[in-house]
Amino acid sequence: VWDYFHFGKDIAERGGMNPKMFNSFIDGTKSGIEMTAVCNATGLTPQPNGLNFPPCSVYELADVLKPQSAGGTVSHAGTTEVIASLHRDGTPVENDLMMGTYVVIEADNDYVRHCFEEYRMLPDKTFHYAALYRPTHMIGLELGISVASIACRNEPTGAPTGWRSDVVATAKRDLKAGEVLDGEGGYCVWGKQMPADMSQEISGLPLGLAHNVKLKRA
């Protein structure tokens, strides 16, 4: 697992890192969980096919991650997507955003479009869209902000406002009846983001319930 990250086994063991958890970062599960939390808290809606993980550098964000109707790759505006740091052939993406976060925004008037250019943001070729990004995501170190916000201000930094997105356990391989699912980051399933109504329609098993349960039928 550690070969996929920018640190080796020694650093991972020193930090007490959980290889199963980090495997869930690689197989797309953690991305699905995080983007589902974003959708359910903000009103964004997932793409019909979930996350597609397009390879993308920080300088391509606005061009790649705008709606398909505008020449991009995402199904619609107001959705979530996570980008890959490797091309489909396994070669690395230059100027990747492996450990960072981003948002793509759309200008609704000419003044904002001009600002995209004048403020040296990262616009697409039309200047209708632009990207903001942070190169790092501090993970656990940022948790204290949420704790302090609730304790001191009674204000959450994020809370669900509706059920728009779900994370459904999806087989990584052909599974046999009687196998015991090993949950997030395991060998059996990964978590796929999908619209909540689609999850209900197919009676999908929520990823959070896919640990230590026996498969009834193949």
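Numbered per the numbering used here, the sequence shown finishes at 219, counting up by one with no gaps. Even for Gly, the Cβ is constructed at its ideal location relative to N, Cα and C.
- E185 counts as buried, since no fewer than 16 other beta carbons sit within 10 angstroms of its beta carbon.
- Take the alpha-carbon of H115 and the one of A219: they are about 56 angstroms apart.
- By the Cβ rule, the segment 17 to 30 counts as touching the segment 183 to 203, because three or more pairs are nearer than 8 angstroms.
- Per DSSP, the continuous beta strand (DSSP E) segment holding I106 begins and ends at 102 to 107.
- Inter-residue distance for G145 and G179 is about 42 angstroms (C-alpha atoms, whole angstroms).
- The beta carbon of A78 sits closer than 7 angstroms to the beta carbons of P68, E107 from its chain, once the five residues preceding and following it are set aside; these are given in chain order.
- Residue L87 holds the alpha-carbon nearest to the alpha-carbon of N53 among A42, L87, T43.
- Counting every other CB atom within 10 Å of its CB across the protein chains shown gives Q48 a total of 16 or more, marking it as buried.
- Assigned with DSSP and collapsed to three states, S166 falls in strand.
- In the assembly as shown, R15 is an exposed residue. Its beta-carbon has fewer than 16 other beta-carbons within 10 Å.
- A check of alpha carbon separations from V105 across V65, L210, L142, K10 identifies V65 as the nearest.
- DSSP, read as helix, strand or coil, puts K217 in coil.
- For K193, DSSP records a beta bridge to V169.
- For S147 and I140, the gap between their C-alpha atoms comes out near 12 angstroms.
- Per DSSP, A38 lies in no beta strand (DSSP E); the unbroken alpha helix (DSSP H) holding it starts and ends at 30 to 43.
- R165 and A197 do touch by the CB rule: their CB atoms are close to 6 angstroms apart, below 8 angstroms.
- Excluding residues up to 5 positions away in sequence, V59, L62, L98, G101, T102, Y103 lie with their Cβ nearer than 7 angstroms to the Cβ of Y134 in the same chain.
- Straight-line measurement puts the Cα of P56 at about 27 angstroms from the Cα of E119.
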